[in-house]
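Residue numbers (mature numbering (1 follows the signal peptide of the UniProt record, and there is no 0)): -24 to -1, 1 to 201.
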C-alpha cells in the first residue's frame, strides 16, 4: 500500500508538471471541456472592479487561510510578484508568456509560476480548499487529494508592513522515490475565479529545499485591488 501511494504521488507530480507545460503553451485559462473557449479579450481582467462595501486593503493586511477565501471580491485576479533573478544562480527563461514566468538555476532547478483566470467551471462556491482540490483533479484525474499538504507563501507587497501569509495546497515528491525532487503549490481563489500555480523541480532533495527557501523569500502572492 505504501509503495502504491508513493508511485501515485510521483505520477501525480509528473502529470501536473506536464499539464502545467501544456496549459502555459496554450492558454492562461484552465479550459472547461463543456464551455466555449474565451476570446483573448475575456482572458485578461484589465479594468479593476470595485465591490461596494469591500475593503481590499483590510483583506490584504491579514493572513488568508483557505477558509477565508470568501473575504475576497469578484473582479481582478490574485497575482504573483517575484524577483528570483536577484538570487545568484537564477535566471529568467521567459516572463509574462500567457500568464507564466519561468526560471532556471545553474544547479538544474526550475521554477514556474502561473496566474490563470476564468476558472469558474472548477470553483466550489466560497470554498477555496474544495476549489483547489478540483483544480488538482482537473490537472491530474488520478491524483490522491488526501496527499495534498497546506503550505504558506507571502501575502501582500509592502515590505515595510508586517508580513502576512496566504495558504496553498501542495503536492510534494522526493528524489528518493525516483525522478526529480519536486513540489507543486496551487490555490484556486473561488470568488474571483482565478488560480495561482507554482512548481519547483530539482535534481535532489537538498537542492529543492534550498530552491524553495529562495523562492519563499523572493515570491509574493499579491492581493487584488
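Where is the CB? At the ideal position from N, CA and C, for every residue including glycine.
Exercise. Using 10 angstroms around the beta-carbon of residue 33, count the other beta-carbons present and answer buried if the total reaches 16, otherwise exposed.
Key: Counting from 1 along the chain shown, the entry for residue 33 is found at position 57. With a threshold of 16 other beta carbon atoms within 10 Å, residue 33 falls short and is exposed.
Practice problem: Please report how far the alpha carbon of residue 199 lies from the alpha carbon of residue 111, in whole angstroms. | Solution: In the chain shown, the residue the question calls residue 199 occupies position 223. In the chain shown, the residue the question calls residue 111 occupies position 135. Straight-line measurement puts the Cα of residue 111 at about 20 Å from the Cα of residue 199.
Quiz item: What distance in whole Å lies between the Cβ atoms of residue 187 and residue 85, which are believed to be in contact at a cut-off of 8 Å?
Solution: The residue labelled residue 85 in the question sits at position 109 within the chain shown. The residue labelled residue 187 in the question sits at position 211 within the chain shown. Approximately 4 Å separates the beta-carbon atoms of residue 85 and residue 187; this is inside 8 Å, confirming the contact.
Quiz item: Between the C-alpha atoms of residue 18 and residue 39, what's the straight-line distance to the nearest angstrom?
Solution: Mapped onto the chain shown, residue 18 falls at position 42. Mapped onto the chain shown, residue 39 falls at position 63. Reliability of the predicted coordinates at residue 18 is poor, the pLDDT of 36 falling under 50, and the value obtained from them is presented with this limitation in mind. Distance between the alpha carbons of residue 18 and residue 39 is about 30 Å.
Quiz prompt | Whole-angstrom distance between residue 143 and residue 182, CA atom to CA atom | solution = Translated into the one-based positions of the chain shown, residue 182 becomes position 206. Translated into the one-based positions of the chain shown, residue 143 becomes position 167. Answer to the nearest angstrom: the Cα atoms are 24 Å apart.
Practice problem: List the residues that DSSP assigns as beta-bridge partners of residue 114. | Solution: As a position in the chain shown, residue 114 is number 138, starting the count at 1. Paired residues: none, contrary to the question.
Quiz item: Can you list, in chain order, the residues of its chain whose CB lies under 7 Å from that of residue 197, leaving out five sequence neighbours each side?
Solution: Here residue 197 is taken as the residue at index 221 of the chain shown, counted from 1. Around residue 197: 54, 56, 129, 130, 131, 142 and 172.
Exercise. Just the C-alpha distance for residue 139 and residue 61, rounded to the nearest angstrom, thanks.
Key: Along the chain shown, read from residue 1 onward, the residue named residue 139 stands at position 163. Along the chain shown, read from residue 1 onward, the residue named residue 61 stands at position 85. Between residue 139 and residue 61, the alpha-carbon positions lie close to 22 Å from each other.
Self-check item: residue 125: first and last residue of the uninterrupted beta strand (DSSP E) it sits in
Solution: One-based indexing of the chain shown puts residue 125 at position 149. Unbroken beta strand (DSSP E) run through residue 125: 125 to 131.
Quiz item: Thinking just about the alpha-carbon of each residue, which of 109, 176 and 97 is nearest to the one in residue 119?
Solution: Here residue 119 refers to the residue found at position 143 when the chain shown is read from its first residue. It is 109 whose Cα lies nearest to the Cα of residue 119.
Quiz prompt | Any beta strand (DSSP E) of 3 or more consecutive residues that is wholly inside the region 129 to 163 | solution = Fully enclosed beta strand (DSSP E) runs of 3 or longer: 140 to 149.
Quiz prompt | From 117, 133, 101 and 177, residue whose alpha carbon lies closest to that of residue 42 | solution = The residue labelled residue 42 in the question sits at position 66 within the chain shown. The candidate whose alpha carbon is nearest that of residue 42 is 101.
Quiz item: What separation, rounded to the nearest whole angstrom, lies between the Cα atoms of residue 99 and residue 93?
Solution: Here residue 99 corresponds to residue number 123 of the chain shown, with the count starting at 1. Here residue 93 corresponds to residue number 117 of the chain shown, with the count starting at 1. Whole-angstrom Cα-Cα distance: 11 Å.
Self-check item: Neighbourhood of residue 152 by C-beta distance below 8 Å, restricted to the same chain and skipping five residues each side
Solution: On the chain shown, position 176 is the one that residue 152 refers to. Cβ within range, chain order: 181.
Exercise. Compute the beta-carbon to beta-carbon distance between residue 69 and residue 78, rounded to the nearest angstrom, for a pair I have assumed lies under 8 Å.
Key: Along the chain shown, one-based indexing puts residue 69 at 93. Along the chain shown, one-based indexing puts residue 78 at 102. For residue 69 against residue 78, the beta-carbon gap comes to about 4 Å, under 8 Å, which counts as contact.
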